[in-house]
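Undergrad: Okay, so the sequence shown: first residue is 19 according to this note's numbering, each after it adds one. Idealized CB from N, CA, C, for every residue including glycine.
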Amino acid sequence: MKEKDLPIDLSGHKIYSKNAKKCVLKLLHRYYDDKTTEDLWEKIQLQYCVYLKDEPALAGSKITVSIYDPILIFAWYTVVPDKPPLEDIQQDVYNCFMGSFDLLGRIFDLNRKADNKLAGMIFRRTSDIRKEESRKFPQSFRMGEFDYDKDNGVIRYSFTQCPNAEFAKRHHMEDVLPVMCNCDHLAMQKLHATLIRAGTCCTAACCDYCIAGDRNPIAAEYELEKTDNGLWISVKKEV
Numbered sequence: 019m020k021e022k023d024l025p026i027d028l029s030g031h032k033i034y035s036k037n038a039k040k041c042v043l044k045l046l047h048r049y050y051d052d053k054t055t056e057d058l059w060e061k062i063q064l065q066y067c068v069y070l071k072d073e074p075a076l077a078g079s080k081i082t083v084s085i086y087d088p089i090l091i092f093a094w095y096t097v098v099p100d101k102p103p104l105e106d107i108q109q110d111v112y113n114c115f116m117g118s119f120d121l122l123g124r125i126f127d128l129n130r131k132a133d134n135k136l137a138g139m140i141f142r143r144t145s146d147i148r149k150e151e152s153r154k155f156p157q158s159f160r161m162g163e164f165d166y167d168k169d170n171g172v173i174r175y176s177f178t179q180c181p182n183a184e185f186a187k188r189h190h191m192e193d194v195l196p197v198m199c200n201c202d203h204l205a206m207q208k209l210h211a212t213l214i215r216a217g218t219c220c221t222a223a224c225c226d227y228c229i230a231g232d233r234n235p236i237a238a239e240y241e242l243e244k245t246d247n248g249l250w251i252s253v254k255k256e257v
């Protein structure tokens, strides 16, 4: 079905991006023949539309791909009869959401002071955008405090509300959400950085971010562990 024919109220919602469509079609072709892929894709599109009917209208927010593309991934997982291990599609979902970090990693290195400072400015601006739009769209991302420790090159901020986590909880798909959350770790690794995170909005009071160059001493204090539902969290190494 063509996107223009989908029964979506475009005054309140947006259609998934071309990257998300490409990702889901790639996954379908990996596991199914062409005819089955075509049939399943249409069912996924319709499931996406069904999900949107009960979702808050967030089309007017400034950064929408991180809201609407995950819903297509949830719809894919709901529809496909054979549920592949989510760890097997982790790289595919990363490529969909954050593949641009591969190119950025050829330019930026958060171990370099100038790049680290620029990253701090970018994350601060992103935090400001989220704060501004949360007043107009209270069901969108809600930011906690932002802090940039320029002396030690450490960026800290948090989300106290995430529409992806809220969606997962409403639809009892908490075990699917980590395949999207884990992309943050992979993205920071591309920037020669480490993301230190204790939990997400689905598992804790907030989704916390502590970002430092991967040669920063603080990065060496932590290692990644996988929880039972596949979420990667940072755990302090035993001395």
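Candidates Leu70, Cys224, His189: which alpha carbon is nearest Lys32's?
TA: Per the Cα distances, Leu70.
Undergrad: Using only CA atoms, which one of Tyr112, Gly78, Ala216 lies nearest to Lys254?
TA: The shortest C-alpha separation from Lys254 is found at Ala216.
Undergrad: Counting beta carbon pairs with one atom in the stretch 50 to 57 and one in the stretch 105 to 124, are three or more of them shorter than 8 Å?
TA: The stretch 105 to 124 vs the stretch 50 to 57: no contact.
Undergrad: Helix, strand or coil, according to DSSP, for Leu122 in the structure here?
TA: In the structure shown, Leu122 sits in a helix (DSSP, three-state: H, G or I).
Undergrad: Within this structure, are the beta carbons of Val42 and Trp94 separated by less than 8 Å?
TA: Result yes, Cβ atoms of Val42 and Trp94 sit closer than 8 Å.
Undergrad: With 16 other CB atoms within 10 Å as the buried threshold, where does Gly78 fall?
TA: The residue is exposed, with fewer than 16 neighbouring Cβ atoms inside 10 Å.
Undergrad: Let me know the secondary structure DSSP gives Lys254 once reduced to three states.
TA: In the structure shown, Lys254 sits in a strand (DSSP, three-state: E or B).
Undergrad: Assuming Ser145 is part of the alpha helix (DSSP H), what are its boundary residues?
TA: It spans 131 to 154 - the alpha helix (DSSP H) in which Ser145 sits, taken as one unbroken run.
Undergrad: Answer with buried or exposed for Gly30, where buried requires no fewer than 16 other C-beta atoms within 10 angstroms of its C-beta.
TA: Answer is exposed; the Cβ neighbour count stays below 16.
Undergrad: So, at 6 Å on beta carbons, what are the nonlocal neighbours of Lys149 in its own chain, with the 5 sequence-adjacent residues on each side left out?
TA: Contacts found: Met161.
Undergrad: In angstroms with no decimal places, state the Cα-to-Cα distance between Gln179 and Ser35.
TA: Straight-line Cα distance between these residues: approximately 23 Å.
Undergrad: Between Leu58 and Val97, is the Cβ-Cβ spacing less than 8 Å?
TA: A contact, by the Cβ cut-off of 8 Å.
Undergrad: Which residues does DSSP list as the beta-bridge partners of Leu242?
TA: Partner(s): Ser252.
Undergrad: Is it buried or exposed for Ile63, if we count other Cβ within 10 angstroms and need 16 for buried?
TA: Checking the sequence shown, residue 63 turns out to be Gln, not Ile. Buried, because 16 or more other Cβ atoms sit within 10 Å of the Cβ of Gln63.
Undergrad: Using the DSSP secondary-structure output, state which residues sit across from Thr212 in a beta bridge.
TA: Answer is Ala230, bridged to Thr212.
Undergrad: Along the chain, where does the beta strand (DSSP E) containing Ser29 start, and where does it finish?
TA: No beta strand (DSSP E) holds Ser29; DSSP gives it neither H nor E.
Undergrad: Taking the alpha-carbon positions, what's the Arg142 to Glu105 distance?
TA: Going from the Cα of Arg142 to the Cα of Glu105 covers about 31 Å.
Undergrad: Taking 8 Å as the threshold (C-beta atoms), are Phe115 and Met206 in contact?
TA: Against a cut-off of 8 Å, the Cβ pair of Phe115 and Met206 comes out as no contact.
Undergrad: Residues in the same chain with beta-carbon distance under 7 Å from Ala211, minus the five sequence neighbours each way, listed in chain order, please.
TA: Excluding sequence neighbours, Ala211 sits near Leu128, Ile229, Ala230, Gly231, Asp232.
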